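Data first, discussion second: the structure below is written as structure tokens.
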Ligand SMILES: NC(=O)c1ccc[n+]([C@@H]2O[C@H](COP(=O)([O-])OP(=O)(O)OC[C@H]3O[C@@H](n4cnc5c(N)ncnc54)[C@H](O)[C@@H]3O)[C@@H](O)[C@H]2O)c1
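Below, the structure written as structure tokens:
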């Protein structure tokens, strides 16, 4: 199969590119390298993947890359991913996550792609919910521009189905973690904590540490994304583990994985952050049913694998 992966130089995208190459697909990556790194694709480029540097906000550039690639399946992962940036600069967020996504959808349609797979978000779209684990049918009440722009892009997917017959699906991810996640970014608490542990720091906990998230290991996630490219299910599909983990449990898992001595890597507590939700966990029975997919790596195992992938700090 010929696949185009936008955002393919990023954390999740580069893990997806590796999986697609492993199963024999031809892969073209479109990325502006704003947060992604060519180094994430080092092995992939050696194995025949092609990287085009382009910005999804630039419709002409996107059209040119997609027309040349002629993909069967477009995996759209390029995005503005920082929730706080989306609160401070909502129009900037919308330009990338709404207009950029429409540019990629339109280019996919014009190039005759069969399938469009969009990386959406669970936690940021549902907000604080009454039903946990939360099913796809739950009302959406985003608390930031990021969840709103992702939801809006999902609406465009539906439009392209109805208007043009393009087969589309929106995968709503839980909190993704694993090798290659940026330890300096805002996105991943596990990456940040692994970085702290490797450099002798302490984990900073906002609030009392009882807030829960649904942490999904990137290896499991990219299997779901690839399966969604092959399937014909449409609409929104949650991709998580259906397991809630508190921040304090995460720290315990890291202490165990890092063989931490008594008294070290103790949490440093700070005031709870405004607007942060207390519980987030995704119901995944729909993914099991329509993708035949199942998460395999539990959080203790995934945290251990992630920690093992962190390079030792340079002296
Ligand atoms: N990491 C998570 O927990 C999580 C959760 C839910 C959804 N997602 C979604 O998954 C996708 C990938 O996220 P990630 O965690 O790998 O982040 P990432 O920052 O590592 O990857 C995003 C990639 O998109 C590229 N990009 C950004 N803006 C671009 C633009 N204007 N034009 C072209 N390329 C651009 C970046 O250079 C980067 O390579 C995003 O759509 C994100 O919203 C991630």
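In the numbering used here, the protein residues as written are -5 to 309. Beta carbons: idealized from backbone N, C-alpha and C, even for Gly. The structure displayed is predicted, hence computed values, not measured ones.
Buried or exposed by the 16-neighbour rule on C-beta atoms within 10 Å, applied to residue i
{"i": "residue 274", "result": "buried"}
{"i": "residue 309", "result": "At residue 309, the pLDDT of 48 sits below 50, so the modelled position is not reliable and the matter cannot be decided from this model."}
{"i": "residue 175", "result": "buried"}
{"i": "residue 28", "result": "exposed"}
{"i": "residue 54", "result": "exposed"}
{"i": "residue 14", "result": "buried"}
{"i": "residue 258", "result": "exposed"}
{"i": "residue 16", "result": "exposed"}
{"i": "residue 295", "result": "exposed"}
{"i": "residue 310", "result": "Absent from the model: residue 310. The displayed extent of the chain is -5 to 309, so no value can be given."}
{"i": "residue 3", "result": "buried"}
{"i": "residue 26", "result": "buried"}
{"i": "residue 265", "result": "exposed"}
{"i": "residue 236", "result": "buried"}
{"i": "residue 71", "result": "buried"}
{"i": "residue 118", "result": "buried"}
Any non-hydrogen atom of ligand 1 within 7 Å of residue i CB
{"i": "residue 108", "result": "no"}
{"i": "residue 57", "result": "no"}
{"i": "residue 3", "result": "yes"}
{"i": "residue 241", "result": "no"}
{"i": "residue 54", "result": "no"}
{"i": "residue 72", "result": "yes"}
{"i": "residue 128", "result": "no"}
{"i": "residue 182", "result": "yes"}
{"i": "residue 170", "result": "yes"}
{"i": "residue 26", "result": "yes"}
{"i": "residue 231", "result": "no"}
{"i": "residue 6", "result": "yes"}
{"i": "residue 249", "result": "no"}
{"i": "residue 252", "result": "no"}
{"i": "residue 0", "result": "yes"}
{"i": "residue 214", "result": "no"}
{"i": "residue 300", "result": "no"}
{"i": "residue 206", "result": "no"}
{"i": "residue 49", "result": "yes"}
{"i": "residue 167", "result": "yes"}
{"i": "residue 75", "result": "yes"}
{"i": "residue 29", "result": "yes"}
{"i": "residue 142", "result": "no"}
{"i": "residue 162", "result": "no"}
Supposed close pair residue i, residue j - CB separation, criterion 8 Å
{"i": "residue 9", "j": "residue 216", "result": "5 Å"}
{"i": "residue 68", "j": "residue 98", "result": "7 Å"}
{"i": "residue 20", "j": "residue -4", "result": "5 Å"}
{"i": "residue 73", "j": "residue 57", "result": "Going by Cβ atoms, the distance from residue 73 to residue 57 rounds to 19 Å, so no, they are not a contact pair."}
{"i": "residue 177", "j": "residue 186", "result": "6 Å"}
{"i": "residue 157", "j": "residue 102", "result": "In fact, because the Cβ distance is near 13 Å, the residues do not count as touching under 8 Å."}
{"i": "residue 120", "j": "residue 87", "result": "Between residue 87 and residue 120 the Cβ distance is about 18 Å, and since that is not below 8 Å, they are no contact."}
Min CB distance residue i to chain C below 8 Å
{"i": "residue 126", "result": "The structure shown contains no chain C, having only a single protein chain."}
>> Quick check: the stretch 208 to 225 against the stretch 270 to 287, are at least 3 beta-carbon pairs closer than 8 Å?
In response: As far as the Cβ criterion goes, the stretch 270 to 287 touches the stretch 208 to 225, which means the pair count is three or higher.
>> I'd like to know if the stretch 285 to 301 and the stretch 123 to 139 are in contact, where contact means that at least 3 CB-CB pairs between them fall below 8 Å.
In response: Flag = no, the stretch 285 to 301 and the stretch 123 to 139 do not touch.
> Is the stretch 245 to 265 touching the stretch 186 to 204, taking contact as three or more C-beta pairs under 8 Å?
Replying inline: Result yes; three or more Cβ-Cβ pairs closer than 8 Å.
> For the stretch 34 to 44 against the stretch 78 to 86, are there 3 or more C-beta pairs whose distance is under 8 Å?
Replying inline: Result no; under three Cβ-Cβ pairs closer than 8 Å.
> For the 8 Å Cβ check, are there 3 or more pairs between the stretch 135 to 147 and the stretch 202 to 209?
Replying inline: Segment contact: the stretch 135 to 147 against the stretch 202 to 209, fewer than three CB-CB distances shorter than 8 Å; contact not assigned.
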